[in-house]
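Residue numbers (this note's numbering): -17 to 433.
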Amino acid sequence: MRLTFLGATGTVTGSKYLLEHEGRRMLVDCGLFQGLKQLRLRNWDDFPVRPSDIDAIVLTHAHLDHSGFIPRLVQAGFRGPVYCSAATRDLCGLLLPDSGRLLEEEAEYANRHGFSKHRPALPLYGEQEAIAALERFSPRRFGEGFEPIPGVRVVLRRAGHLLGAASVRVEWDLRSILFSGDLGRTNDLLMQAPELPEPADWLVIESTYGDRAHAGPDPLTVLADVVNRTAARGGVVVIPAFAVGRAQSLLYAVQLLKQQRRIPDIPAFLNSPMAADATRIYAKHRSEHRLTPEQCEAMCCAARIVNSVEESKRLNEIRTPAIIVSASGMASGGRVLHHLKAFGPDARNSILFAGFQAAGTRGATIVAGAATVKIHGQYVPIRAEVAQIDSLSAHADRDELLAWAAALPAAPRQVFVTHGEPVPADALRHAIEERHHWPCTVPEYRDLVEL
């Protein structure tokens, strides 16, 4: 078996792992590169192997940094099945067409306003290409083995990070490799804790928060404080949030705070029809999260759903206290950009980030304290209060990652630390070597390893 790292090296985006066994090829994950321009340009490169020569894809979960390149790969000739959990298939049914639609809208907007260097600007793929790619999806149950390619057996186990999220164990010739996928929290607001790992000869582990613990104030307290300060100034709280996962956690948190009368009963808006659809999928897959049917219903009613573009534009005219939750979570695209342009220049308002901000994203730029940020070809001043809640993250922190790895029944031959920026990834490598004395490396892009 050969393993090639085609993404999630030196970055938290672009997850792709190529496995080659006896002339057959499969990918574990097929994600978009996001953030820094030199990473995003990789989405346009010729794929390192011919897509038509890839026999199957196994997805850990639905987030675009793990699934969002599939339509592009299908466009380029991939014709195999895409295996994943049932909830991941349901969420990809929302995320991938929405991604294609946003890519088309951004290209059209760039062409209309003339701020792209390309003439014309083209989308990486469109909505119809994404819909066509969904026909290749083949859901599998957690805990039940299947063979994506001959002689290779795969089992999915719950990873807790997101509805449908899985760790992937691959077995062949009495050998095995375990891909952690994105691991969730032990005590997440919504999701169940990750299942304990099964034995594996090699381990590929994520390291998004490999250099820190989610310590500090209670996330509900931080959210309440920001809302209360902003409301007292007569301002609006804009919360960039991933439509799947983070938006649901925030809706539930807002509903709890209002119920406990810790924040005023100001209007809350969810400016993402997809997030509303995703919330309904949570009700369908109740065994994977902690909420009762009543709590799911309350979460669905915590905010007014904004569907049309016209309604979205009207939100920018609000001049009384309100909460707006809108995609995307790193402010890399979507409707939230228009809200940042409208509310970012006013010191009465707040911009609250509720999770990790990858290098090169607008979210990371704003969190770092930039006085201006470039949106749609123009520089927008940021005078609003900027706040962040790391402890609401759906990613395991350093201690939770180490505890999950420590639960392996036996030491692996080697650990590969991926899906982290350079400092967190190397910090987790060092911690694993110090604590467990396991051989541990941080692979580079396109590194190849013989297993």
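Built from N, CA and C at the ideal position, the CB exists for glycine as well.
Identify every residue that forms a DSSP beta bridge with residue i.
i, result
"Gln370", "Phe335"
"Ala148", "Arg140"
"Ala38", "Met8"
"Lys356", "Tyr361"
"Ile348", "None; Ile348 has no bridge partner."
"Glu87", "None, per the DSSP bridge assignment."
"Asn253", "Ser308"
Taking the straight line between their C-alpha atoms, what separation do you get for residue i and residue j?
i, j, result
"Pro102", "Leu85", "13 Å"
"Gly192", "Ala92", "37 Å"
"Tyr65", "Ala258", "25 Å"
"Ser149", "Leu76", "22 Å"
"Ala229", "Ser310", "10 Å"
"Ile305", "Lys295", "15 Å"
"Arg365", "Gly216", "15 Å"
"Glu88", "Gly17", "16 Å"
"Asp372", "Glu126", "34 Å"
"Ala195", "Asp379", "5 Å"
"His358", "Arg317", "12 Å"
"Leu205", "Gly62", "44 Å"
"Gln110", "Leu41", "21 Å"
"Val220", "Leu145", "25 Å"
"Leu55", "Gln277", "39 Å"
"Phe224", "Ser375", "11 Å"
"Val397", "Ser231", "32 Å"
"Trp420", "Arg395", "7 Å"
"His43", "Ser67", "8 Å"
"Met342", "Arg118", "The amino acid occupying residue 342 in the given sequence is Gly; Met does not appear at that position. Roughly 32 Å separates the two Cα atoms."
"Arg135", "Leu430", "21 Å"
"Val291", "Asn253", "9 Å"
"Ile333", "Gly326", "7 Å"
Going by C-alpha to C-alpha distance, which of the options sits closest to residue i?
i, options, result
"Ile263", "Asp328, Glu279, Gly326, Gly13", "Glu279"
"Glu(-6)", "Ala229, Asp28, Asp11", "The question names Glu, but residue -6 is Val in the sequence shown. Checked all of Ala229, Asp28, Asp11; the closest Cα to Val(-6) is Asp11."
"Glu416", "Leu384, Glu426, Arg395, Leu430", "Leu384"
"Asp72", "Glu87, Gly216, Ile187, His267", "His267"
"Ala393", "Ala407, Ile159, Asp80, Ala350", "Ile159"
"Asp183", "Glu153, Asp200, Val424", "Glu153"
"Gly133", "Met8, Phe398, Ala265", "Met8"
"Ile131", "Gly5, Ile113, Glu117", "Gly5"
"Gly166", "Asp155, Ser189, Leu156", "Ser189"
"Phe128", "Ala38, His45, Ala112", "Ala38"
"Ala387", "Pro404, Arg411, Ala346, Glu367", "Arg411"
"His143", "Pro199, Asp164, Val136", "Asp164"
"His401", "Ile414, Pro425, Glu382", "Pro425"
"Pro105", "Pro30, Gly315, Val218", "Gly315"
"Val226", "Val218, Phe251, Met256", "Met256"
"Asp381", "Pro406, Pro303, Gln360", "Pro406"
"Gly59", "Ala115, Pro79, Arg83", "Ala115"
"Pro404", "Gly(-8), Gln241, Arg(-16), Met(-17)", "Gly(-8)"
"Arg286", "His321, His320, Pro249, Thr261", "Pro249"
"Thr302", "Asp247, Cys422, Leu78, Asn289", "Asp247"
Within a Cβ cutoff of 6 Å, which residues of the same chain sit near residue i, ignoring the five residues on either side of it in sequence?
i, result
"Arg344", "Ala313, Val355"
"Ala409", "Gly192, Asp193"
"Ala346", "Gln339"
"Asp80", "Met256"
"Ile52", "Cys12, Ala115"
Could you name the residues of the same chain whose beta carbon sits closer than 8 Å to that of residue i, not counting the 5 residues immediately before and after it, in chain order?
i, result
"Leu202", "Ala235, Leu238, Leu239, Arg244"
"His418", "Ala387, Ala388, Ala393"
Should residue i be labelled buried (16 or more other beta-carbon atoms within 10 Å of its own) or exposed?
i, result
"Gly50", "buried"
"Asp170", "buried"
"Ala214", "exposed"
"Cys283", "exposed"
"His100", "exposed"
"Tyr(-1)", "buried"
"Leu156", "exposed"
"Thr274", "exposed"
"Val209", "buried"
"His95", "exposed"
"Pro30", "exposed"
"Phe97", "exposed"
Short of 7 Å in beta carbon distance, which residues of its chain neighbour residue i, apart from the five on each side in sequence? Order them along the chain.
i, result
"Gly(-4)", "Gly(-11), Ala(-10), Gly13, Leu14, Phe15, Leu21, Arg24, Asp47"
"Ala389", "Leu178, Pro179"
"Ala324", "Asn298"
"Gln174", "Arg140, Gly142, Glu270, His271, Arg272"
"Val349", "Phe335, Gln339, Val368, Gln370"
"Asp35", "Arg7"
"Leu138", "Ser67, Arg122, Phe124, Ala148, Val150"
Compute the minimum distance between the beta carbon of residue i and the heavy atoms of the ligand ADP, and state whether it is under 7 Å.
i, result
"Ile333", "In terms of ligand content, the structure shown is empty, and the ligand ADP therefore cannot be addressed."
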